[in-house]
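Novice: Okay, here's the structure, questions in a sec.
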Amino acid sequence: MKKGIIFISGRGSNMESILKESRNGILKGLLEIPLVFSNNPQAPGLKIAEENGIKTAAISSRGKSREIFDKEVIQEIEKYLPDYIILAGYMRILSPEFIRKYQGKIINIHPADTRLHQGLNGYKWAFENGLPETKITVHFVDEGLDTGEIIGLEKVDLSGVESLEEVEKRGLATEHRFYPEMLKKIITNQS
Ligand code: GRF
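21 is the number that my numbering gives to position 26 of the sequence shown; each next residue is one higher, with no gaps.
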């Protein structure tokens, strides 16, 4: 069984779906979550993790340099000997030191095709450009912004959408199914 620490900054809906799949679904017996970590002590997702009986840790990143903050994070998480760092709405760019330490083990979900749109507001970008469909990317994290090796892409049909909320609703439903599927793919390919 592999160990994955989930990193969140806010709502935590992807985290919730990974927890569910690891407990009783397609990740059962493959992935355990020893810790959910947040750089935001107020993240609503922390409460959801606790309600699910998962250990949490939060360290505020406010006002700290990337290097200093990430050193504190490494100290906090290293004792769990994670096989994977699973970013799920983690809104803080990782330092090169962190990325090198966990090279090839950091995974992210991005609400657009990373080859077409990097950074924030992927759904807004798709909506404002009137795209008939968009894509969700699950990828490894390297030192660039959304430039790491793509693990998988999944289409989201946007035909007939009338609002950004509708785009987000369809996109998130896809994310919640697709992220656990891609984690399964990584774990089974690597073990
Ligand atoms: C998702 O849209 C994810 O793709 C992006 O941030 C959002 C996080 O949502 N990286 P949640 O916290 O998992 O609900």
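Every residue gets a Cβ at the ideal spot worked out from N, C-alpha and C, and that includes glycine.
Being a predicted model, the structure only gives us computed values, none of them experimental.
With a threshold of 7 angstroms on Cβ separation, who are the neighbours of Ala121 within its own chain once the five nearest residues in sequence on each side are excluded?
Specialist: By one-based count along the sequence shown, residue 121 stands at place 126. For Ala121, where only same-chain residues beyond five positions count, the Cβ hits under 7 angstroms are Ala107, Thr129, Leu153, Val162.
Novice: With a cut-off of 8 angstroms on the beta carbons, I'd call Arg6 and Pro39 a contact; round off their distance for me.
Specialist: Residue 6 sits at position 11 when you count from the first residue of the sequence shown. Residue 39 sits at position 44 when you count from the first residue of the sequence shown. About 6 angstroms separates the two Cβ atoms, so the contact holds.
Novice: Along the chain, where does the beta strand (DSSP E) that runs through Ser33 open and close?
Specialist: The residue given as residue 33 occupies position 38 in the sequence shown. Start and end: 31 to 33.
Novice: Just the C-alpha distance for Ala168 and Ile3, rounded to the nearest angstrom, thanks.
Specialist: Here residue 168 refers to the residue found at position 173 of the sequence shown. Here residue 3 refers to the residue found at position 8 of the sequence shown. If I take the Cα positions, the gap works out to 18 angstroms.
Novice: Look at the Cβ atom of Lys179, then the Cβ atom of Leu25, and state whether they are nearer than 8 angstroms.
Specialist: Numbered from its first residue, the sequence shown carries residue 179 at position 184. Numbered from its first residue, the sequence shown carries residue 25 at position 30. Cβ distance < 8 angstroms, so Lys179 and Leu25 count as in contact.
Novice: Let me know the secondary structure DSSP gives Arg26 once reduced to three states.
Specialist: If you number the sequence shown from 1, residue 26 lands on position 31. With the sequence shown as reference, residue 26 is identified as Leu, and Arg is not the correct amino acid for it. Strand.
Novice: Report buried or exposed for Thr51, applying the criterion of at least 16 other Cβ atoms within 10 angstroms of its Cβ.
Specialist: Translated into positions along the sequence shown, residue 51 becomes position 56. Buried, since its Cβ has 16 or more Cβ neighbours within 10 Å.
Novice: Is it the case that the Cβ atoms of Val151 and Ile131 are separated by a distance below 8 angstroms?
Specialist: Within the sequence shown, residue 151 is the residue found at index 156, counting from 1. Within the sequence shown, residue 131 is the residue found at index 136, counting from 1. In contact: Val151 and Ile131 (Cβ atoms closer than 8 angstroms).
Novice: How is Lys130 classed by DSSP in three states: helix, strand or coil?
Specialist: What you label residue 130 is simply residue 135 of the sequence shown in a count that begins at 1. Here Lys130 sits in strand by DSSP.
Novice: Comparing C-alpha positions only, which one of Arg57, Tyr85, Phe93, Ile1 sits nearest to Gln70?
Specialist: Residue mapping note: residue 70 aligns to position 75 of the sequence shown, counting from 1. Residue Phe93 holds the alpha-carbon nearest to the alpha-carbon of Gln70 among Arg57, Tyr85, Phe93, Ile1.
Novice: Give the secondary structure of Asp65 by DSSP, where H, G and I count as helix, E and B as strand, and everything else as coil.
Specialist: Along the sequence shown, read from residue 1 onward, the residue named residue 65 stands at position 70. Reduced to three states, the DSSP call for Asp65 is helix.
Novice: Taking Val162 as part of the alpha helix (DSSP H), name the residues at either end of that continuous run.
Specialist: Locating residue 162 in the sequence shown gives position 167, where the first residue counts as 1. Counting along the chain, the alpha helix (DSSP H) containing Val162 begins and ends at 159 to 185.
Novice: Confirm the yes/no value for this check: CB of Pro106, any heavy atom of ligand 1, distance under 7 angstroms.
Specialist: Taking the first residue of the sequence shown as position 1, residue 106 is located at position 111. Yes, since a heavy atom of ligand 1 falls inside the 7 angstroms radius drawn around the Cβ of Pro106.
Novice: Select from Ile101, Gly166, Lys119 the residue whose C-alpha is nearest the C-alpha of Ile145.
Specialist: As a working note, residue 145 is residue 150 in the sequence shown. When only C-alpha atoms are compared, the closest one is Ile101.
Novice: When the Cα of Lys15 is compared with those of Lys(-2), His171, Gln185, Asn184, which residue comes out closest?
Specialist: Translated into positions along the sequence shown, residue 15 becomes position 20. Of the listed residues, the one whose Cα sits closest to Lys15 is His171.
Novice: Report the option in His105, Ser12, Gln185 whose CA atom is closest to the CA atom of Gly84.
Specialist: If you number the sequence shown from 1, residue 84 lands on position 89. Nearest option by C-alpha distance: His105.
Novice: Rounding to the nearest angstrom, what Cα-Cα distance links Asn9 and Arg165 in this structure?
Specialist: Start at 1 with the first residue of the sequence shown, and residue 9 comes out as number 14. Start at 1 with the first residue of the sequence shown, and residue 165 comes out as number 170. For Asn9 and Arg165, the distance between alpha carbons rounds to 14 angstroms.
Novice: Could you tell me the distance, in whole angstroms, from the CA atom of Val68 to the CA atom of Glu160?
Specialist: Within the sequence shown, numbered from 1, the residue matching residue 68 stands at position 73. Within the sequence shown, numbered from 1, the residue matching residue 160 stands at position 165. Going by the C-alpha atoms only, they are around 33 angstroms apart.
Novice: Out of curiosity, what's the CA-to-CA distance linking Glu176 and Tyr97?
Specialist: Position 181 of the sequence shown, counting from 1, holds the residue named residue 176. Position 102 of the sequence shown, counting from 1, holds the residue named residue 97. For Glu176 and Tyr97, the distance between alpha carbons rounds to 22 angstroms.
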